[in-house]
Every structure is written in C-alpha cells, then in structure tokens.
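The number in my numbering is simply the position in the sequence shown, starting from 1, with 1114 added. Even for Gly, the Cβ is constructed at its ideal location relative to N, Cα and C. A short write-up of the structure that comes next.
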Amino acid sequence: MAKFLGEQKKCTPGQMACLTHPYRVYFPNGNLYDLSNKPREFISRCIQGGRCMLSDNMKQMSEKKLIADFDAVSLYPSAIARLYTLEGIPKVLKDEMLSSEYLLKHLFDDDQKEPIGEKFMSGFFVLIKITKIGIHRHFPLIVCDPELNPELNVPRSSNTCCLMYVDHITLQDLIKYQGVKCEVLQGYYYDGNRDIRIRDEVKKLFELRLKYKKEGNPLQENIKLILNSIYGKTILSPIESKITIVNDKDAIRYAIRNYNHIVKFEGLDGSDKTIFKLTKSICRHFNFCPLGVNILSMSKRIMNEVFCTAEDMGLYIAYQDTDSMHLYNEDIPKLAAEFKKRYGRELIGKNLGQFHSDFAEITKDKQSLASKSIFCGKKTYIDLLINDLNEVVFHCRMKGVKQDIIALTANEMFPDSVQCFYDEDKGLMVPQGKFDKDSEFSVMKLYKALYDGQEIAFDLCKSCQPCFEEKFNFSITSKTSFIRKLKF
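Structure follows, in structure tokens:
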C-alpha cells in the first residue's frame, strides 16, 4: 500500500479507494453486483444519514456539570470492520415473506457466512409501516422522511409511527431498542453468501494510518480519506444532467438534434461559445448501494449501543452529531462499565469501535471539558472549554455561518462583553483581555440570544475570505452582501 500511495501522485484519495478496493474486495469474490434502475432506486431509499439532533428535539443548556464530547473512533471504518458484502443479486420478496417475523426468522445469524437450512437470507431491504412503538427514546431510531410521510409534521428523528425504508440491520435495531411493531409492505432480499474479506482490508488500512500517524507522516491524512471514501463511493447518486459547450456557429444544429434533452442554454461572455445544459439518462447508472446502506446502518448500531445503554441507565445526553455526543464527563466511567457488561467490549480507547473524549486541547496534554454549553439546534451550539490551567476558549458551531462571522457579529452586538476572536490555527474561539470562566463573553451572549428565540442576521460577506458567485455561463461576480437570518 505504501508503495502504491507513492506511485499514485495524480490521484485523489477517493480515486485511490476506487482503484484499490475493487481489486482487493469486489473482484476476487466474482459474485458481487452493482445495481441499476428499480433495484438501485429502491435500496437507495434505505439510505439514512447520521443522526443529528438535540435531546427530545428541544433546545438544551447545561452549566451544572462538566461535559465531554464523546466521539466514536473512525465511525464508518468501524462499521465496515463489523460488516460483509452480500453475494448474488437481489430478489423480490414474495407475499408470504412480507412480515418481520418471517424475515428475522430466516435471516442469517451475525456470525453466519452461508445459507444453512431455514437461515437462508443474508440480507434484505424493505418498506415498512410502523404501527406501534414500545419504547420512546430521547434520541429515537425512527426516521420520519417528509417525502414519504407528507401528512406528518414532525422532526425527522421522532417517536412517531410512519412509513420507513430499512435494511435488516435497522429493522433489528428498531425492534430491539424501541420495541416497534410493523407491517412489511414490499422489498428485496439476498440469499447468497456473506463475504467478510472487507473487514480485513479496512483493518489493514486503519493500522497503516496509525503507523503513519505515530511517525508524524502526513500520509495518514490520505489513508483517513481513503477509509471514508470506501463508503461514499458505494452510494453515489445518479448524475441527472450534463454540460456541453459548442461553437456558436454549430449551436442551432446542436439544439435541433438534442432539443428533447435541453434544459437551458446561454452564450458564454466574451467568447464564440454556447453552453448547453441537458438531461442525462440515469438508467445506466450503477452503484453498490447495498453495501453503502449496510455501512450507514451498522454505524448507527454502533451509536445505538452506546446511546440506548446510557438512556436505560438514566444518563443525560444533550446532543448528538453523527459520530459524537455531549454527555456529563463524570458519567463516562459508569457508562463504560455497563457497556462492558452488555456487549463484552471495552468502550473507551482509540481502536475501531471504541470511543474517546475529543474536545480540542487548549494546551497540549491538558484535557478540555465544557463548563457551560448551549444547544440551539442542529449543528448550532457552543461549549465554554476549560482545563486544569484555568484557560478559557470556546468551541462553537453554526451551520452556514463561518467562525469569524460569528465572532464579528457577537462583538458588534455585545460590545461591553469580553470580545472573542477566531483562532484559525487552533480552530477555537479565543477571548481577549482580562477574564475568567464566569465573565460575560460576547459569543456566549450571542448563542444565549438565539436560545431565547431572537432572530439574528449574519452578513456572510464580512468574512476575511472573499465571497464570489459563479453563474451558469461561468462568469464570476463578487458579492457585497449576503445576509443569513437564524432563529430557533
């Protein structure tokens, strides 16, 4: 692998994954198939991204105890390390198979690799109608897709009976952790073997990354991107349009020949060219979505094992963003002990499948914890970080608004508070002047205002980075104002 990385000087990490993974995992099997058309479209509906939500979908604020950012180690590679590829082609479920009891009765056991007797299903992908929820969770596993359930006006992650596309992993978790009852409406199943060689390959890459990371070799960043690209390529969406540029003198002839597919066209500024946007047929788009769906479902199982254990113990979790959670630091040892009892594995560590506290260090080798946190909504929160040296910084997120804009807006709104500025090297918001952790900081007051329901406007063009707009004809203009208003 090291020799290969050295030779591929013109490849992106994603392209490296596409070059190496098929030859090491897919091709040696000889019985794995990319999907297109209806099977691909149906199975792709089972794709559910990582869960990002506040506890009970309600705004949260904590200042009683120290909070840790408990983060999964390489979540998607960890999921792949517990997975397999499904051999063969998908088959349509027959009427007598349309029940959760039948499907789970005939599904492979976790360690089963080939069909044995009544355990002949290696995997399935189905549309279900949830009719009953036995256990209501602060962080529900149920995903209510508004396109599939237009009559329901509820958050995506909610304790609500609805229609939902799931694979076998998600259905098992829905029943185990939320006690759901459901009707199976339609779907596909696989009855071939499970090939587990993908586990060894991802573990080799992970160990190689650890080796490079220990040596301080920047190649470890490439390995990290390759590990994540393995999953992303499997669920590549169909490309539904294409751009063609022709000479002006040929534009009319081109339009006549392709008029059924043309979406729009426009002359390119300062040239004798015309740009056409055309629809592109998706019937020849292939991907390996069964693996991508399974990776996403297994990654959520890794998180569900921790979340549901914590909830069953009555522990408080304020927020989740895909592979991390905010919980009280003092609860982590208790959670780890109960996790070991339930699953027989160590929870805390730096290996695949484990978790560790991941707040950025203010000073090297001094753990940072949040003494106060405000959670306004998805990807919009702030943590006041402290350490044993009584240093104070802020870890904040606000989707769609850059860090320097957050600081600038906060300082303008609250000029009498301790002013804060974004340190790009540390990736943290740093206060200026004299202060302690109990001082009034401009950024904390900004998030408190959002928490209280105030609408705040952010001018994104005030960033230290220029703000450009690229038009369809490739001309580029500078934006002088771009206001984004937020209210929670």
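Rounded to whole angstroms, how far is the Cβ of residue i from the Cβ of residue j, which I believe are closer than 8 Å?
i	j	result
Tyr1457	Leu1441	18 Å between Cβ atoms; not a contact.
Phe1239	Val1377	Between Val1377 and Phe1239 the Cβ distance is about 32 Å, and since that is not below 8 Å, they are no contact.
His1220	Lys1233	6 Å
Ile1687	Ile1194	Because the chain here runs from 1115 to 1602, residue 1687 falls outside it and cannot be looked at.
Cys1276	Ile1247	Contact flag wrong, Cβ pair sits at about 10 Å.
Gln1579	Cys1166	Contact flag wrong, Cβ pair sits at about 25 Å.
Leu1180	Ala1484	7 Å
Cys1296	Ile1249	Rounded, the Cβ-Cβ distance is 14 Å, inconsistent with contact.
Could you check whether residue j and residue i sit closer than 9 Å to each other, using their CB atoms as the reference points?
i	j	result
Leu1189	Ser1413	yes
Met1427	Glu1452	yes
Ser1158	Tyr1198	no
Gly1164	Leu1410	yes
Arg1598	Leu1560	no
Phe1572	Val1515	yes
Lys1540	Arg1511	no
Pro1153	Ile1230	no
Glu1215	Asn1143	no
Ser1482	Glu1177	no
Thr1348	Phe1421	no
Asn1361	Lys1387	yes
Arg1498	Lys1551	Checking the sequence, you will find Leu at residue 1498 rather than Arg. In this structure, Lys1551 lies closer than 9 Å to Leu1498 by Cβ.
Val1139	Arg1323	no
Ser1271	Val1280	no
Phe1489	Leu1149	no
Lys1227	Asp1309	yes
Along the chain, where does the alpha helix (DSSP H) containing residue i start, and where does it finish?
i	result
His1220	1214-1220
Asn1372	Careful: Asn1372 lies outside any alpha helix (DSSP H) and carries neither H nor E.
Tyr1198	Segment: none, Tyr1198 is in no alpha helix (DSSP H) and carries neither H nor E.
Arg1270	No alpha helix (DSSP H) holds Arg1270; DSSP gives it neither H nor E.
Leu1319	1311-1329
Leu1560	1556-1565
Arg1154	1151-1158
Arg1456	1446-1457
Leu1341	1333-1348
Asp1287	1282-1292
Looking at residue i and the ligand MN, is the gap between the Cβ and the nearest heavy atom below 8 Å?
i	result
Tyr1326	The ligand MN is not among the ligands present in this structure, which contains no ligands whatsoever.
Hey, quick one: how far does the beta strand (DSSP E) through residue i stretch, first residue to last?
i	result
Glu1297	1295-1304
Arg1251	Looking at the DSSP string, Arg1251 is not in any beta strand (DSSP E), and its letter there is neither H nor E.
Gln1174	1174-1176
Tyr1604	Because the chain here runs from 1115 to 1602, residue 1604 falls outside it and cannot be looked at.
Asn1418	It is not in any beta strand (DSSP E) - Asn1418 instead sits in the alpha helix (DSSP H) that spans 1403-1426.
Leu1642	What the structure shows of the chain is the stretch from 1115 to 1602, and residue 1642 is not part of that stretch, so it cannot be assessed.
His1470	1469-1471
Lys1599	1597-1600
Ile1500	1494-1500
Ile1140	Rather than Ile, the amino acid found at residue 1140 in this sequence is Tyr. Here Tyr1140 belongs to no beta strand (DSSP E), and DSSP marks it neither H nor E.
Just to confirm my understanding: we take residue i, look at its own chain, exclude 5 residues before and 5 after, and list those with CB closer than 6 Å. What are they?
i	result
Leu1288	Leu1255, Val1294
Phe1118	With a pLDDT of 46 at Phe1118, under the threshold of 50, the modelled position of this residue cannot be trusted, and the question is left open.
Asn1504	none
Gly1491	Phe1602
Phe1528	Ser1556, Lys1559
Gly1463	none
Val1316	Pro1191, Ile1194, Ala1195
Gln1300	Leu1241
With a CB to CB cut of under 8 Å and the five nearest residues on each side skipped, what residues in its chain are close to residue i?
i	result
Phe1586	Lys1378, Glu1380, Ile1389, Lys1391
Ser1438	Asp1183, Phe1184, Asp1185, Ala1186, Asp1472
Cys1534	Phe1508, Ala1521, Ala1524, Asn1525, Met1543, Val1544, Pro1545, Gln1546, Phe1555, Ser1556, Val1557
Ser1595	Asp1573, Cys1575
Ala1369	Ile1376, Phe1379, Phe1390
Leu1449	Val1420, Thr1423, Ala1424, Met1427, Leu1429, Leu1441, Leu1461
Less than 7 Å between C-beta atoms, sequence neighbours within five positions excluded: which residues of the same chain meet that for residue i?
i	result
Leu1542	Ala1474, Val1507, Phe1508, His1509
Lys1562	Ile1488
Val1298	Leu1212, Ser1213, Ser1214, Leu1217, Val1240, Ile1242
Ile1283	Asn1408, Ser1411, Met1412, Arg1415
Nearest-angstrom Cα distance between residue i and residue j?
i	j	result
Arg1570	Asp1314	According to the sequence as given, residue 1570 is Ile; it is not Arg. Cα-Cα distance, rounded: 50 Å.
Asp1537	Arg1371	56 Å
Lys1173	Asp1223	40 Å
Met1115	Glu1321	Reliability of the predicted coordinates at Met1115 is poor, the pLDDT of 48 falling under 50, and the value obtained from them is presented with this limitation in mind. Cα-Cα distance, rounded: 12 Å.
Arg1251	Ala1424	11 Å
Thr1477	Ile1337	27 Å
Val1206	Tyr1302	5 Å
Gly1384	Gly1306	59 Å
Leu1217	Arg1415	19 Å
Met1211	Lys1394	37 Å
Glu1265	Lys1327	50 Å
Gly1567	Glu1261	28 Å
Glu1584	Ser1577	18 Å
Gln1122	Leu1333	Confidence is the limiting factor: at Gln1122 the pLDDT is only 49, short of 50, which leaves the residue's position unreliable and the question unanswerable from this model.
Leu1600	Ile1496	15 Å
Gln1286	Gln1292	10 Å
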